[in-house]
Amino acid sequence: MTADNDVPPIVEMRGITIRFPGVLALDGVDFTLRPGEVHSLMGENGAGKSTLIKALTGVYSIDSGTIVVGGERRAFATAADAQEAGISTVYQEVNLCENLTVGENVMLGHEPRVGGVIDWRATHEAATHHLDSLGLRIDPRSRLSSHSIAIQQLVAISRAMVLESKVLVLDEPTSSLDRGEVERLFDVIRGLRDKGVAILFVSHFLEQVYEISDRITVLRNGALVGEHPIAELPRDALVTKMIGRELDDLATLSSSAHRDIDRTGTPVVKASGLGKRGILEPADLEVYPGEVVGLAGLLGSGRTELVRLLYGADRADEGSMEIHGQHAKVHSPRHAIDHRIAFSSENRREEGLVPDLTVAENIVLGMQARQGWVRRLGKAESDAVVHGWIEALGVRPANPHALVGNLSGGNQQKVLLARWLATAPELLVLDEPTRGIDVGAKADIQRKVSELSADGLAVVFISSELEEVLRLAQRIAVMRDRRKIGELESADVDIDGLIDYIANEGEGSAA
Amino acid sequence: MTATMTRSEGRSEKRTGASVSVQGFFTRHSALMPTFAALAILLLLFAGAEAFLRGDFITPRNISALLLDNAYLLILAVGMTFVIVTGGIDLSVGSVMAFTGILGAKLLAEGMPVAIAIPVILAGGAVIGLIIGVLVQYFNVQPFIASLAGLFLARGLAFVVSLSSIKVEEPAILWLQSTRFSVGGWYITPTGIIALLAVAVAAFVMHLTRMGRTVYAIGGSESSARLMGLKVARTKVMVYVISGFCAGLAGLVLTAYSGAGYPRNGIGTELDAIAAVVIGGTLLTGGRGYVIGSMIGVFVYGTIKTIITFMGAEQSWMQIIVGALLLLFIVVQRAIVARSEGRG
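Chains as they are written, first to last, in my numbering: chain C, 1 to 511; chain D, 512 to 855.
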């Protein structure tokens, strides 16, 4: 609230454009940061937030546009250059050295010296002073790794203070903190803001953004959507600006959403109070045979985290799971496969497919894993399965010997889906199966999911496209800030209702 | 909702509380543990050998000889410690030592004054280190591969200089070995003093200069070090230059020790140096380790060698025992790393 438009800006970025091979990462973006304000940069994944920050901090060089810092036109070549100009960055991953002490991490590269020899006493005194100024009373001689991530995050900020930064960039600093720790960080941020430091804040947590920010800049697909004072931008308007509204060619796809589901029997999977500290607050989820449950929420809201716990990719530290009414321990993907749970990851390139193997080999991998490596699948058997799925999903080219790495994103996604479906799962978890793929492939995948669920397959479906979730899912679990905030029957809401729910619901209960 | 909050706060409270007490003490000194373990093993070896040989082992003569016989290895281990703390490896040092040794012997034999020959030897080692460092830093070559190239290059150069050994007649070089400053039965040669000086200078650089701290920071997390604005590129090249320089110095000391340069010297010695560094408690993954530890590692190595010679046993036992010790230490280090990761 201390910022107003009369103060000359400390950072002015104009018309910033950055191209990566084949991608326009930033397209003429303007960004202004004033002393004494907390300015949030908002946007979905791929909107260009990180790229803009990296342009400012000298990690990326810009293709066109101007950056003015403190009235001077600058082009930083390295992170060290940006630091010298008074711009410090604290990243999501704590970028300190765990093998060194707290004090050393604070002072590294700036240790007081006497004739080139480090004066350790003075170094630790200076570190204590800087830690104190953030209210951190910890021994500078203690090892960094002996402290929690939250403390480490604050130590990283103390380091920024040593440089007497005029601009502090906080890139998702809260993603691994719990509420108490976030409060502590916010107190520090407010203190710095009141001293006139300009703070650029990035977070996926809407609540936190509204709690701390004075101003918001929204990016979408590498372009500027707008800059708004926080008071003039209600949450639902922000969410709409972030997500955008794509006209959907898929509206013609017959809707499976309003099929009635028999929820009197035992659910395929029932999770009770499943959670992990710092990752996800305990959540319940039930999925019945033939049902598609959508998970809606912004990126980073805990959607992926929840399904990773379901699948055992991450290990839950509280809660329990039942599969077909039987208590089950799912502590690794291996267990999940044994329980016939299939999980198609959002990082299909990194966690899903093997690009150097053929379509057929990729499809057979999942079946082979289920069968055990010793008993080889017969050629006739695997050929039949491969051809069946290529046909059913319309993989193009329909050539089982094509290398997966050469297929388009949509067709890779189909191969990944085929691989999991070939294992005959009873619960299929799809994390962003349609992101970044063309409309035709999207329609194929949606149609197949809809058909399979009508045949009794239980599906958990994650997508950032709310239309898609509404169309496919009978029931929608809404996530926000690493918490499940409620469930909706998709027959009862439309897209505006859903956006409103994501943005505003459950405010009272949030501390 | 409120219940969850209090619970998680309670938990973080407990964690902070515990880290101040016993665990805090342990973590603060955990990096030193492998070095203490190496020291314990050294003392154990001494005690065992003393008991076995009925008081013939711990004599001033034997202990003095330990430093004299292993001076070249100690110098190599000092340079290697810098490289390994950054998370790299330098396989070239054995060959570089042979190359600089034979080069020095040849230059002196051809009448070059010793005051020029010695700087040439040292610079030769440093230049090979520079090449490896530049390959690693600017051409993104794995340290293993870059220094393997250095190994072959230096060995080839050694044979180019001479195919057979060259005797050194230069009195100044022989003086390094033959002079004995003695007190009672104890003695130390100039080569021993050079080795101890190398340890002292290296320990000073590692702990009291910004460059030394950057070496540790790179070993902890190279990307963090870069984002902190430290001089990562320069430092990474520098550690290979230091290692190469030390190999050159070791070549000088070895030539003095054996009174001749020989192109087949030091085959496999790089592995002895790495073994000594690891036994001394330096983590192969980088970020933790002490030059003093490497010195203890060299003494452990040298003591095992002496004991085996005393017992008249097969030299192959040397390799078996060193192998077993290495295995033990790597397991201990993994346990320490796993412990600190588990806590983080």
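From the three backbone atoms N, C-alpha and C, an ideal C-beta is built for every residue, glycine too. In this text the structure is predicted, and so the values were computed from the model without any measurement.
Task: D81 of chain C, enclosing alpha helix (DSSP H) - first and last residue - done: 79–84
- [ ] Examine chain C for any beta-carbon lying closer than 8 angstroms to the beta-carbon of L741 of chain D, and answer yes or no.
- [x] yes
Open item on the list: Let me make sure I understand the geometry here. Which of C:H130, C:V287, C:E467 has the alpha-carbon closest to that of L457 of chain C?
Closed with: C:V287
Open item on the list: What does the alpha-carbon distance come out to for the pair A77 of chain C and T725 of chain D?
Closed with: 20 angstroms
Open item on the list: What would DSSP say about T17 of chain C, mapped onto helix, strand or coil?
Closed with: strand
TODO: For the segment 536–596 of chain D, list the alpha helix (DSSP H) runs that are entirely contained and at least 4 residues long, ordered along the chain.
DONE: 544–563, 571–596
Task: Rounded straight-line distance, which links the Cα of G755 of chain D to that of A637 of chain D - done: 4 angstroms
TODO: Give the range of the beta strand (DSSP E) segment to which H39 of chain C is assigned.
DONE: 38–42
Open item on the list: Going by DSSP in three states, L794 of chain D sits in which element: helix, strand or coil?
Closed with: coil
Open item on the list: Against chain C, with Cβ distances strictly below 8 angstroms, would Y768 of chain D count as a contact?
Closed with: no
Task: Pair within 8 angstroms by beta-carbon distance, A767 of chain D and K678 of chain D - done: no
- [ ] For chain D, find out if any of its Cβ atoms is closer than 8 angstroms to the Cβ of I118 of chain C; answer yes or no.
- [x] Output row for I118 of chain C: interface = yes.
Task: Selected residue, minimal CA-CA separation from A711 of chain D, among D:T793, D:V748, D:Y801, D:G622 - done: Residue D:Y801 is the option with its Cα nearest to A711 of chain D.
- [ ] Could you check if T66 of chain C is buried or exposed, using at least 16 other CB atoms within 10 Å of its CB as the buried criterion?
- [x] exposed
- [ ] Taking 8 angstroms as the cut-off, decide whether the C-beta atoms of I243 of chain C and V167 of chain C are in contact.
- [x] No. Outside cutoff.
Task: T294 of chain C (DSSP reduced to helix, strand or coil) - done: In the sequence as presented, Thr is not what sits at residue 294 of chain C; that position holds Gly. Under the three-state reduction of DSSP, G294 of chain C is assigned to strand.
TODO: Run down chain D in chain order and give the residues with a C-beta less than 8 angstroms from the C-beta of G65 of chain C.
DONE: Result: empty, since nearest Cβ-Cβ is about 23 angstroms, beyond 8 angstroms.
Task: Cross-chain neighbours of N504 of chain C in chain D, by beta carbon under 8 angstroms - done: Those do not exist, as N504 of chain C stays about 17 angstroms from chain D at its closest Cβ, beyond 8 angstroms.
Open item on the list: Under 9 angstroms, CB to CB, which of the residues in the segment 31–65 of chain C have a partner in chain D?
Closed with: T57, V59
- [ ] Taking all protein chains shown into account, decide if I552 of chain D is buried (16 or more other Cβ within 10 angstroms of its Cβ) or exposed.
- [x] buried
Task: DSSP beta-bridge partners of L280 of chain C - done: L280 of chain C pairs with C:K276.
Open item on the list: What does DSSP give as the partner residue(s) for P289 of chain C in the beta ladder?
Closed with: Beta-bridge pairing links P289 of chain C to no other residue.
Task: Limits of the alpha helix (DSSP H) - the one that Y210 of chain C falls within - done: 206–212
TODO: Pick out the complete alpha helix (DSSP H) segments inside the segment 663–702 of chain D, 4 residues or longer, and give them in chain order.
DONE: 682–689
- [ ] On a CA-only basis, which of D:M591, D:T597, D:T546, D:A558 is nearest K747 of chain D? Give me that one, please.
- [x] The option with the nearest alpha carbon to K747 of chain D is D:T597.
Open item on the list: With a threshold of 8 angstroms between beta-carbons, can G497 of chain C be considered close to chain D, or not?
Closed with: no
- [ ] Leaving aside the five residues before and after A251 of chain C along the sequence, list all residues of the same chain whose C-beta is less than 6 angstroms from its C-beta, in chain order.
- [x] Confidence in A251 of chain C is poor, its pLDDT being 49 and thus under 50, which makes the residue's placement unreliable; the coordinate value appears in the next sentence. Hits under 6 angstroms: none found.
Task: Chain-order list of residues whose beta-carbon lies under 7 angstroms from that of G405 of chain C (same chain, five-residue window excluded) - done: P355, D356
Task: Partners in chain D for Q83 of chain C, counting only beta-carbon separations shorter than 7 angstroms - done: G740
TODO: On a CA-only basis, which of C:A392, C:V449, C:G394, C:V364 is nearest A380 of chain C? Give me that one, please.
DONE: C:V364
Open item on the list: Contact criterion: CB-CB distance below 8 angstroms. Does L719 of chain D meet it with respect to chain C?
Closed with: yes
Task: Option nearest Y773 of chain D by Cα separation, candidates D:R737, D:A560, D:E680, D:S673 - done: Selected option, being the one with the closest Cα: D:S673.
- [ ] Alpha carbon to alpha carbon, how far is Y649 of chain D from V493 of chain C? Give it in angstroms, no decimals.
- [x] The straight-line gap from Cα to Cα measures roughly 57 angstroms.
Task: Inter-stretch contact at 8 angstroms, needing at least 3 Cβ pairs: the segment 729–736 of chain D / the segment 578–585 of chain D - done: no
Task: Best match in C:I230, C:N221, C:D194 for proximity to E207 of chain C [C-alpha to C-alpha] - done: Looking at the Cα atoms, C:I230 is the closest of the given residues.
Task: For F650 of chain D, the first and last residue of its enclosing beta strand (DSSP E) - done: No beta strand (DSSP E) contains F650 of chain D, which DSSP labels as neither H nor E.
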